[in-house]
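For the sequence shown, my numbering assigns the number 3 to the initial residue and increments by one for each residue that follows.
We put the CB at the ideal spot given by N, CA and C, even for glycine.
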Amino acid sequence: MSQAAQAGDTVRINYTGAFADNGAKFDSSEGRDPLEFQLGAGQIIPGLEKAITGMEVGEQKQVTVAPEEGYGERDEQRIQSVPRAQLPDDIPTEPGTQLAMQTQDGQTLPVTVAESTADTVTLDANHPLAGRELKFDLELVEIK
3 MSQAAQAGDT VRINYTGAFA DNGAKFDSSE GRDPLEFQLG AGQIIPGLEK AITGMEVGEQ
63 KQVTVAPEEG YGERDEQRIQ SVPRAQLPDD IPTEPGTQLA MQTQDGQTLP VTVAESTADT
123 VTLDANHPLA GRELKFDLEL VEIK
């Protein structure tokens, strides 16, 4: 009898993630080892944890994950313009560039350059996938 994946199990999955609205792929395990993680430990987004719980080895499914079960809604308060003069000259400021900022309490915060003008650089601390509905093709490869 085959077993179903449960919280606490270490599982390995193959997956492809795409945007629900246009089908463009943003991530895949194709050509790499399957993704390994502990189910129920918060290592992946909640929508995938729910989808994988109860799957059996070899089972495949497609699941759509809403923003609140994925990377959250976009928060406009996480977008901030800073005077260009406050940034070191060697920091790239082309839109789309990923940077790491230090918060006041010493945490590293990933940000993306959203806009760059002669005077200001607009930084977006939202996760790049925030606010997007996502589709995943999943295959449970192994339960360890």
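Shown here, E38 sits in a strand according to DSSP, grouped into three states. In the DSSP assignment, I145 is bridged to V13.
With a 10 Å radius around the Cβ and a threshold of 16 neighbouring Cβ atoms, L136 comes out buried. Using a 10 angstroms sphere on the CB of I54, the tally of other CB atoms reaches 16 or more, which defines it as buried. The residue among G133, A87, A127 and A120 with its C-alpha nearest the C-alpha of Q104 is A127. For L50, the enclosing alpha helix (DSSP H) starts and ends at P48 to I54. For L131, the closest of G10, K27 and Q40 by C-alpha to C-alpha distance is K27. Distance between V13 and T124, taken at the CA atoms: about 39 Å. Comparing C-alpha distances from V113 to each of T122, D107, Q106 and G98 shows the shortest one belongs to G98. Between G10 and G42, the C-beta spacing is below 8 Å.
Taking the Cα of R86 as reference, the smallest distance to any Cα among T119, N16 and L142 is reached at T119.
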